[in-house]
Amino acid sequence: MLKRVACLLPGIFFCCIISFSQPARPSQRSVAGEPFPATDVNIHEYLKIFGDSSKNAAYRITLCADVPNNEKPLQVFYQQETGHVFLILQRIEETNDTISRVFGFYPNGGMQTLFFKKTRSLIKDNSNREHDVAISKTLLAEQFDTVVAKSIELAGRKYHMNKYNCYDYAIEVFNSAASGSSLPLTHVRFPFLFGMGGSPCSVYKDLEKLKRSNQQWEASIVFGLMLAPISAYMYPEISQKGIANQRIMP
Numbered sequence: 475m476l477k478r479v480a481c482l483l484p485g486i487f488f489c490c491i492i493s494f495s496q497p498a499r500p501s502q503r504s505v506a507g508e509p510f511p512a513t514d515v516n517i518h519e520y521l522k523i524f525g526d527s528s529k530n531a532a533y534r535i536t537l538c539a540d541v542p543n544n545e546k547p548l549q550v551f552y553q554q555e556t557g558h559v560f561l562i563l564q565r566i567e568e569t570n571d572t573i574s575r576v577f578g579f580y581p582n583g584g585m586q587t588l589f590f591k592k593t594r595s596l597i598k599d600n601s602n603r604e605h606d607v608a609i610s611k612t613l614l615a616e617q618f619d620t621v622v623a624k625s626i627e628l629a630g631r632k633y634h635m636n637k638y639n640c641y642d643y644a645i646e647v648f649n650s651a652a653s654g655s656s657l658p659l660t661h662v663r664f665p666f667l668f669g670m671g672g673s674p675c676s677v678y679k680d681l682e683k684l685k686r687s688n689q690q691w692e693a694s695i696v697f698g699l700m701l702a703p704i705s706a707y708m709y710p711e712i713s714q715k716g717i718a719n720q721r722i723m724p
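When we follow my numbering, the leftmost residue of the sequence shown carries the number 475, and every step to the right adds one.
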């Protein structure tokens, strides 16, 4: 959702358009026929399928960052967009059939996010969401249960444009099962008067450093234009195989 905002500064009046809804597709590189817009979900119902944990299954969490400008991944604001950070939770059965839930943390409203910064939050399905970098971790069933519980718990937090947005939610959930190898929490300066906050550009920059300097994470970090898998919760007619995101470009 785009909101036109008039801003008054000493001696300066300007009008700008800002998006706080973190749209499902960055504007400069759309994939033709994208049928999966972000859709509100009830997080309790959405993750209920993971309640029947199987010791014979494999579990995985992936943190994904969709930067606003694919050509300049450290540019925090581009064409009225700030990008998005979201999660993929997966259970991979012995048959290699995969149950995926793809979701992120959103503000409930646009204008009020600009003027008041803090507002009620929403969880939305991010099936088929484009992103530029991803980091994955294989989990034990007990760790995965912790991640599911943390995803539900933190979904009740208020959204704050600077102090707690999609970035903070995703990092905190991912780190809940980190076992001593947590991802850094790095806030950057937003454009205009928004102050410091989490951004997908923070993820991109930190994962570049980790891939170069940390052998433990090197193989788990992937860069390139990718699409997230599809949640069968939203589209039950689609069968999913495998665990990798769909790569569009290297």
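Heads up, the beta-carbon is just placed ideally off N, CA and C, and yes, glycines get one too.
{"query": "Classification of A652 by the beta-carbon crowding that lies within 10 angstroms, buried from 16 upward", "result": "exposed"}
{"query": "For A623 and Q617, the rounded distance between their alpha carbons", "result": "10 Å"}
{"query": "Residue environment, K632, which counts as buried when at least 16 other CB atoms sit within 10 Å", "result": "exposed"}
{"query": "Run of the alpha helix (DSSP H) containing H661, from where it starts to where it stops", "result": "Element bounds for H661: n/a, residue is neither H nor E."}
{"query": "Nearest candidate by alpha-carbon position, reference A693, set P542, K598, T569 and V607", "result": "V607"}
{"query": "For M700 and A679, the rounded distance between their alpha carbons", "result": "The residue you asked about is not Ala; residue 679 is Lys in the sequence shown. So the two alpha carbons sit approximately 17 Å from each other."}
{"query": "Nearest-angstrom Cβ-Cβ length linking G525 and P674, presumed shorter than 8 Å", "result": "In fact, because the Cβ distance is near 30 Å, the residues do not count as touching under 8 Å."}
{"query": "Proximity of I523 and I573 at Cβ, strictly below 8 Å", "result": "yes"}
{"query": "Spatial neighbours of A512 in its chain, beta-carbon cut-off 7 Å, leaving aside the 5 residues before and after", "result": "A498, K598, D599 and N600"}
{"query": "Whether A644 touches F560 by CB criterion (8 Å)", "result": "yes"}
{"query": "Under 8 Å between C-beta atoms of I517 and S595", "result": "no"}
{"query": "Beta-bridge partners of L628, as assigned by DSSP", "result": "Looking at the DSSP assignment, L628 forms no beta bridge with any residue, so it has no partner."}
{"query": "Inter-residue spacing [alpha-carbon to alpha-carbon] between R547 and C640", "result": "At residue 547 the sequence reads Pro, which differs from the Arg that was named. Whole-angstrom Cα-Cα distance: 17 Å."}
{"query": "C-alpha gap between Y520 and R663, whole angstroms", "result": "33 Å"}
{"query": "Coarse secondary structure for D514, derived from DSSP in three states", "result": "strand"}
{"query": "With 16 other Cβ atoms within 10 Å as the buried cut-off, status of Q564", "result": "buried"}
{"query": "Rounded C-alpha distance that separates M635 from R603", "result": "21 Å"}
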